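Chemist:
2 protein chains.
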Amino acid sequence: MIQKNKGILTVVSGFSGSGKGTIMKELLKRYEGQYALSVSATTRNPREGEVDGREYFFRTREEFEQMIAEDALVEYARYVGNYYGTPRAYVEEQLEAGKDVILEIEIQGALKVKEKFPDTLLLFVTPPSAEELKNRLVGRGTETMDVIESRLARAAGEAEGMEAYDYLVVNDVLETCVEEVHHLIQGEHRRVSRNIEAISEMREELKSFSK
Amino acid sequence: MIQKNKGILTVVSGFSGSGKGTIMKELLKRYEGQYALSVSATTRNPREGEVDGREYFFRTREEFEQMIAEDALVEYARYVGNYYGTPRAYVEEQLEAGKDVILEIEIQGALKVKEKFPDTLLLFVTPPSAEELKNRLVGRGTETMDVIESRLARAAGEAEGMEAYDYLVVNDVLETCVEEVHHLIQGEHRRVSRNIEAISEMREELKSFSK
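As you go down the protein sequences, you meet chains A and B in turn. With our numbering applied, the first sequence corresponds to residues 15 to 225, in that order. With our numbering applied, the second sequence corresponds to residues 15 to 225, in that order.
Below is the structure:
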């Protein structure tokens, strides 16, 4: 019987300003119970309104380094003096439970995850054009030209890794884009390489019928 | 600008009794203008009601062998004394026009096409289980057990090639299945390897902005 297999680990990266956060929030709302968003662990202090286990798992430096030592993180990085990482246990539990797990991380982390879990699906979210990305970054109207230029430089850097991803997700109309992400992940469940066992069972059964 | 690229060549194979013909007919009807179904050439005689250029391009043996000699076929095979093949010109014209071209052929042909056009997407249509396939073959109620058994043996043979395909299409509910095929092919347009040029343009543009 060919049925939905184990959950798929999907890493979503994309330009700052690509709207990936909004897309994921909408995806999880629209297909409740089907997806799980991975919550990162961090050593930085909680900001006002942030709840442990919702925005982040807040950990001390000692706890975090203990997790590193125990290989309890799928990937981790240091950023401005703090650790950020993806706890392995949560990801594996959700995948076993058949949920498709979404990690929102940048390219370096994405490549580390892919190395550890070669089955990972890598999606890169982009506006339809460089021009449009520029307009979105400028358009907020709240930033100085210095900030905008540093964002554009950062985007140019982010673009360096795009070829390592499996699919581009073009965020033009949010609604369409959410559906596209959903179809890419669900389509992935039908990939032959993820159904080798079911295929081989089916073949054996067919052979037994025709004897 | 990341836009829809060239059409995608999709080969659809599947068990006899999988309903692949019905799925494709429905797909073409529902998304008129977006897909093109490749018409095969053959040396067999037209049956009543068959129209040249619709069911098949009917060709003489000399004409067909001329096409082989000119490499004018994407793939061809001999079956019960007649030639069957896929004319290359039609496929290439439709792809250039941005249409996704569907070829309905069996596994040997599928592998030959993939060899010539490595970008080909290979879909394999299957009922949800071997039991269900058996029921469908038996269920028509019009065949002798001999015919049914030879069909099951053929299905067991067809199953040998399943691993060479990219995706399984599970035909349980027709409506759902047609949508699934549509999403698999459209999702394929977003594959990074099919957008290398657009990605590289975007990167250059972003670099020019941030200078």
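The beta carbon of each residue, even a glycine, is placed where N, CA and C say it ideally should be. For clarity, every value in this text was computed on a predicted model and none was experimentally measured.
How is residue 100 of chain B classed by DSSP in three states: helix, strand or coil?
Modeler: It is a strand residue.
Chemist: Look at the alpha carbon of residue 37 of chain A and the alpha carbon of residue 146 of chain A, and state the distance between them as a whole number of angstroms.
Modeler: Each residue's Cα considered, the two are about 17 Å apart.
Chemist: If you follow the beta strand (DSSP E) that residue 118 of chain B is part of, which residue opens it and which one closes it?
Modeler: Per DSSP, residue 118 of chain B belongs to the beta strand (DSSP E) from 114–118.
Chemist: Looking at the C-beta of residue 20 of chain B, does it have a partner C-beta in chain A at a distance below 8 Å?
Modeler: Answer no: the Cβ-Cβ gap between residue 20 of chain B and chain A never drops below 8 Å.
Chemist: With a threshold of 6 Å on Cβ separation, who are the neighbours of residue 181 of chain A within its own chain once the five nearest residues in sequence on each side are excluded?
Modeler: Excluding positions up to five away in sequence, the list reads 137, 198.
Chemist: Looking at C-alpha atoms only, which residue of A:74, A:25, A:140 is the closest neighbour of residue 188 of chain A?
Modeler: Residue 188 of chain A has its Cα closest to that of A:140, out of A:74, A:25, A:140.
Chemist: Run down chain B in chain order and give the residues with a C-beta less than 9 Å from the C-beta of residue 216 of chain A.
Modeler: Near residue 216 of chain A (Cβ distances below 9 Å), the residues of chain B are 140, 143, 144, 147, 173, 176.
Chemist: Buried or exposed for residue 114 of chain A, going by 16 or more other Cβ atoms inside 10 Å?
Modeler: Label assigned to residue 114 of chain A: buried.
Chemist: So residue 50 of chain B and residue 70 of chain B are supposed to be a Cβ contact under 8 Å. How far apart are they, rounded?
Modeler: Between residue 70 of chain B and residue 50 of chain B the Cβ distance is about 16 Å, and since that is not below 8 Å, they are no contact.
Chemist: Closest to residue 213 of chain B by C-alpha separation, out of A:211, A:192, A:42, A:171, would be which residue?
Modeler: Nearest option by C-alpha distance: A:171.
Chemist: Any C-beta of chain A sitting closer than 8 Å to the C-beta of residue 42 of chain B?
Modeler: Not one chain A Cβ lies under 8 Å of residue 42 of chain B.
Chemist: If you pair each beta-carbon of the region 150–168 of chain B with each one of the region 118–134 of chain B, do three or more pairs fall below 8 Å?
Modeler: No: the two stretches stay apart, fewer than three of their Cβ pairs being nearer than 8 Å.
Chemist: Do you know how far the Cα of residue 102 of chain A is from the Cα of residue 44 of chain B?
Modeler: Spanning the two alpha carbons is a distance of roughly 43 Å.
Chemist: At least one CB of chain B closer than 8 Å to the CB of residue 183 of chain A: is that the case?
Modeler: Residue 183 of chain A counts as touching chain B.
Chemist: Give a yes or no on whether the minimum CB-CB distance between residue 124 of chain A and chain B is below 8 Å.
Modeler: Not an interface residue.
Chemist: Show which residues of chain A have a CB atom less than 8 Å away from the CB atom of residue 150 of chain B.
Modeler: Result: empty, since nearest Cβ-Cβ is about 12 Å, beyond 8 Å.
Chemist: How many Å lie between residue 211 of chain A and residue 218 of chain A at the Cα?
Modeler: C-alpha separation (whole angstroms): 11 Å.
Chemist: Is DSSP giving residue 26 of chain B helix, strand or coil here?
Modeler: The answer is strand: DSSP assigns residue 26 of chain B an E or B state.
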